[in-house]
Amino acid sequence: MKHFKILFAIAVLALTLAPVGAQDVTTVSMWFSEGSTLDCWGPIMLEFNEVDPSVQLEIVPQADTWNVTRTAVAGGGGPDIVRTPGPSFVYEMAQAGLILPMDTFAESMGWGDFFFDWALDLGLVDGQLYSLSDELETLVMYYNVEVFEEHGWTPPDTMEELNALAEEVEAAGLTVFSHGNASWRPTNEHFVGEYWTQVAGPHKVYQALSGEIPWTDESLVGAIELLDAHMQAGWYGGGVDLYFTNDGVYRRTSLAEGSAAMNIEGSWAIRGTVDYFGESGMTWDWVPVPSHDGTDYYTIGMGNTSSINANSPHPEAAAQFLTWYFSPATQGKMLTNCLKGPAPVAIGADVMAELDPRIARLYAELSDASANDRYGYTTWTFWPPKSDVYIYEEVERVWTGEITAMEYSEGLQELFAEELAAGDIPPIPTR
Amino acid sequence: MAVYVQKKPTTISEKLADETWRRKFLRNVLIPWIFIAPLLLLHIYVVTVPAVQGIYMSMTDWKGVGQNANFVGLENYRELFFEDETFGKALGNNIIWMAFFLTVPFVLALFSATMLSQIKRGGMIYRSILFIPYVLASVVTITIWKNLLNPQRGIGAAVDNILGLEKVFGIAYLGRTESALMSIAFIDNWHFWGFLMILFLAAMQAIPPVLYDAAKIDGANRWQEFRHVTLPGIRPVVLFMYMMVAIWSFLAFDYIFLSTQGGPGGASEVIATLLYKNAFFRFEAGYGAAMGVVISIFAGFIIMIFVTLRRRGWDI
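Heads up: the protein sequence lines correspond to chains Y and L, in order.
First residue of the first sequence? That's 871 in this note's numbering, and the numbers climb one at a time after it.
First residue of the second sequence? That's 79 in this note's numbering, and the numbers climb one at a time after it.
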């Protein structure tokens, strides 16, 4: 009887404690695109599981992650951490009540201490914080150092210098910019955004985004006309028709092997550039995209955002992971190990010192530009969805001669005005 | 002699009281419905309800995210037909696509099936070779052909190199507005026509050989045999495939989206690619649903034509 009582007591104790032990571990789920990015990011993100054994991250690889995520979230499921391709997508989800406002977490977990002020503002919808921006991006002009040295060229600062250089590049039988959109059609918008910023200037773009001036403003239309002229001259990939069939492999190999001199591309391309130049044995470097007056303007963009699913049973645990993930230490590690574009957080000088000086310079310049009013706007981050699709789809009709730059701008103005009136414009950092 | 004529039950109570009627009802009505009920319920759940929802959504401004959807009546349809130039262009491309697929693969498949039906030994090898492209995934086919049609490293560039020409064959077939749509149609057809050929070949093999013997006795040549024996023999299959291909032409999506995404400059845009962009890129799911309904109406119209012809005695 005595043994029975002891066994009974042990059994009761075990039954009481076992569920408590199981409940102590909270799993935070995150869906992520399969591929080489996850191969590098994944192990670093899973280091979170060593920080607090009671909260564990689970990464679920997915194909076509964004479409899978929004379908699942809309259906009442999905991961705890909802990643979107940019702030404009957050707006729609927040309006639909699919993601949680995170202001209380931001305050209690001190997100404002390490995020840049303007970066947190990007996640605001109707005054509440719904997302944290990740992967700070900009566009720069990469060039092949050996090709430039061989011909005695220097990288251009102004559009005028670029014109003169392009003539020399073509005379040397090379392609000016190794480009094409066969792998990713929205590539088109990179150039539209850059030409608006570099030719008309970021202040004009800001005025248009704020609705103060129309997109048919002379300076903005002039930028599209100049882009079209450069396109027709065959600067981009060797010709308009070739631009439409040149893929990502062409873009990287032609620059790395020296059949093209330059390439205007995003900071996200650094990793590929390092790999391809590593194979060709040539040297790459970068300069800011030439502007009309020689000022170094950098368009700012965000590669993706993170939010907390409104259906998440444990939003605090999700916020705990976000705090760790966006910390300067984690972002610094992902930058040095994977060349991941960092979140807009203050990364320490020690981390930057470990980087290739060209990459460190890029982020230092970008930081300096954002602090000194030399920043512009990338279309996929700051334009509403319909206008954004219009920008990269319809510009092809300008390049194929179907419509003029003015007609293109008029179409955009009409659409943008509708979205502006509907309040669909993502938050824009004020100047 | 009295003649008893059994009175047929007319009212419900008489019918239920009548044993024969009850048995007939059970055998001819109730049991078939019981058997078909699970499938019918499943169909209602996965097809009918979503279809009705889709029609309703096409009359809303639903963004595709969340539950907010305001009823806008026929506004989406008005915009589609009277304002949206892109839709008109996409519809035109669908019609060009249909015209291509109702001619080129049919001619190729009929010709090849006729030739293959004559082969007595080794025919299976040819059939397999011609059918293989059909079992390839669209993404594989497109990847292969994007490389083959690449102006720098494709077949055209190789031909130019051999002949010493400068960009005569090595041109950007998918990058030119005048050739993009037809180039994709060519690629899709490369994958599709083998399937059509196998169907026609199977139909030809079902034609009784005595008909060919009789034709030969009557002095028919090869063309006359084809025209008066083969074609009438496979007519139901050909016409059925005509109907299916016409419907499929309005559903064309994967080859176009994987190769050009409707570009350059909308030159290869079709309704399905436009629908996808509106629903998933522009957050206009209600408008996209209206396009989906229009595609269904076109398909219904095509089916109606064939049903009408069948009722008029056509052997379809």
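Yeah, the Cβ is synthetic: ideal placement off N, Cα and C, and Gly gets one too.
No experiment lies behind these values; they were computed from the predicted model shown.
Query	Result
Span separating the alpha-carbon of L/VAL323 from that of Y/ILE1273	34 Å
Enclosing beta strand (DSSP E) for Y/ASP1155 [first to last residue]	1154 to 1157
CB contact below 8 Å: Y/ASN937 versus chain L	yes
Reference Y/GLU1280; option with closest CA among Y/PRO1084, Y/SER1048, Y/GLY1071	Y/PRO1084
Validate contact between the stretch 1041 to 1053 of chain Y and the stretch 1107 to 1126 of chain Y using beta carbons, cut 8 Å, 3 pairs	yes
Residues bridged to Y/PHE1047 (per DSSP)	Y/TYR1106, Y/MET1132
Stretch pair the stretch 1157 to 1172 of chain Y + the stretch 1057 to 1072 of chain Y: three plus CB contacts closer than 8 Å	yes
Candidates L/ASN228, L/LYS93, L/ALA281, of which the one nearest L/THR338 by Cα	L/ASN228
Below-8 Å beta-carbon distance, Y/ASP987 vs any chain L residue	no
Within-8 Å CB hit, Y/PRO1255 to chain L	yes
Cβ shell of Y/TRP860 (< 8 Å), same chain only, five flanking positions each side left out	It is not possible to answer for residue 860 of chain Y, since the shown part of chain Y is limited to 871 through 1301.
Three-way DSSP call (helix, strand, coil) for L/MET319 in this model	helix
CB contact flag (Y/TYR1012, Y/ASN1133, <8 Å)	yes
Best match in Y/ASP934, Y/GLY1246, Y/ALA1291, Y/LYS1256 for proximity to Y/ARG1301 [C-alpha to C-alpha]	Y/GLY1246
Per-residue contacts from Y/ALA944 into chain L (C-beta, under 9 Å)	GLY142, VAL143, GLY144, GLN145
Cross-chain neighbours of Y/THR1115 in chain L, by beta carbon under 7 Å	ASN228, PRO229, ALA250, LEU252, GLY253
Helix, strand or coil at Y/ASP909 [DSSP, three-state]	helix
Residues that L/LYS355 contacts on chain Y, provided the C-beta gap is smaller than 7 Å	VAL1259
Beta carbon proximity, Y/GLU962 to chain L, threshold 8 Å	yes
Y/TRP901 in three-state terms, based on DSSP	strand
Y/ASP1166 versus Y/PRO1158: straight-line alpha-carbon distance, rounded	6 Å
Integer Cβ distance of Y/TRP1156 from Y/LEU1205, believed to fall under 8 Å	Not a contact, Cβ separation roughly 16 Å.
Any 3 or more C-beta pairs closer than 8 Å across the stretch 906 to 918 of chain Y and the stretch 1207 to 1222 of chain Y	yes
Where the alpha helix (DSSP H) containing L/GLN283 begins and where it ends	258 to 283
C-beta contact flag for Y/PHE986 and Y/PRO1214 at 8 Å	yes
C-alpha distance - L/VAL348 paired with L/PHE264, whole-angstrom precision	16 Å
Per DSSP, cross-strand counterpart(s) of Y/PRO957	Beta-bridge pairing links Y/PRO957 to no other residue.
Cutoff 6 Å; reference L/ALA187; Cβ partners in own chain excluding five residues on either side	TRP271, LEU274, MET275, PHE278
Proximal residues of chain L, C-beta to C-beta of Y/GLU1272 below 7 Å	GLY343
Nearest-angstrom Cβ-Cβ length linking Y/ARG953 and Y/SER1176, presumed shorter than 8 Å	6 Å
Proximity test, Cβ basis, 8 Å: L/ARG305 and chain Y	no
Interface flag, L/ARG300 vs chain Y, CB-CB below 8 Å	no
Contacts that Y/ARG1055 makes with chain L (C-beta to C-beta distance below 7 Å)	GLN339, GLY341
Nonlocal neighbours in the same chain, by C-beta distance under 6 Å from Y/PRO1299, ignoring five residues either side	TRP988
Identified DSSP bridge partners for L/TYR251	According to DSSP, L/TYR251 bridges with nothing at all.
C-beta contact flag for L/PRO183 and L/ASN267 at 8 Å	yes
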